[in-house]
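One structure below.
In the numbering used here, the protein residues as written are 988 to 1106.
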């Protein structure tokens, strides 16, 4: 008898991709991990130090009023870059969290680069 394969949901597949990315990407005290989470309506970014398991800074587009979703994502990238600079970080490791490096995720990365972060 053959195994019956159950269909996997989109979130489960993304989570498995995220685990594959996390095998290689880890934030340190000198170079934290810039994590992006994308929901249908909003986008969130946070800086994480994995050695101490602490979140350093977090930004979302919840209080950004104007613009399309990709424009808000670029603004989120600039804001997280500013918070990273204020906390004393100039270089980060980018974690796309299982999403394609495309669209809003790429916009966050481009905004962070515009804000002065290196990765």
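By construction, the Cβ of each residue, glycine as well, lies at the ideal position given by its N, Cα and C atoms.
Being a predicted model, the structure only gives us computed values, none of them experimental.
Which residues in the same chain have their Cβ closer than 7 Å to the Cβ of residue 1051, if we skip the five residues on either side of it in sequence?
Here residue 1051 corresponds to residue number 64 of the chain shown, with the count starting at 1. Here the set comprises 1059, 1062.
If residue 1095 sits next to residue 1064, beta carbons under 8 Å apart, how far is it from one beta carbon to the other, in whole angstroms?
Locating residue 1095 in the chain shown gives position 108, where the first residue counts as 1. Locating residue 1064 in the chain shown gives position 77, where the first residue counts as 1. At roughly 4 Å, the Cβ-Cβ gap stays under 8 Å, so residue 1095 and residue 1064 are in contact.
Three or more C-beta pairs closer than 8 Å, one from the stretch 997-1008 and one from the stretch 1033-1042: is that the case here?
No: the two stretches stay apart, fewer than three of their Cβ pairs being nearer than 8 Å.
Cα separation between residue 981 and residue 1077?
Lying outside 988 to 1106, the shown extent of the chain, residue 981 is not represented and no answer is given.
Could you tell me whether the Cβ atoms of residue 1046 and residue 1084 are closer together than 8 Å?
Counting from one through the chain shown, the residue named residue 1046 turns up at place 59. Counting from one through the chain shown, the residue named residue 1084 turns up at place 97. Contact: no.
How is the alpha helix (DSSP H) around residue 1030 delimited, first residue to last?
Position 43 of the chain shown, counted from the first residue, corresponds to residue 1030. It is not in any alpha helix (DSSP H) - residue 1030 instead sits in the beta strand (DSSP E) that spans 1030-1036.
Within a Cβ cutoff of 6 Å, which residues of the same chain sit near residue 1013, ignoring the five residues on either side of it in sequence?
Start at 1 with the first residue of the chain shown, and residue 1013 comes out as number 26. Counting only Cβ-Cβ distances below 6 Å, and skipping sequence neighbours, we find 1037.
Taking the C-alpha atoms as reference points, what is the distance between residue 1073 and residue 1048?
Reading the chain shown from its first residue, position 86 is the one you call residue 1073. Reading the chain shown from its first residue, position 61 is the one you call residue 1048. Residue 1073 and residue 1048: Cα-Cα distance of roughly 19 Å.
List the endpoints of the continuous beta strand (DSSP E) containing residue 1048.
Counting from one through the chain shown, the residue named residue 1048 turns up at place 61. Residue 1048 -> no beta strand (DSSP E), and no H or E assigned at all.
Can you tell me which residues form a DSSP beta bridge with residue 1021?
Locating residue 1021 in the chain shown gives position 34, counting from the first residue. Bridge partners of residue 1021: 1034, 1081.
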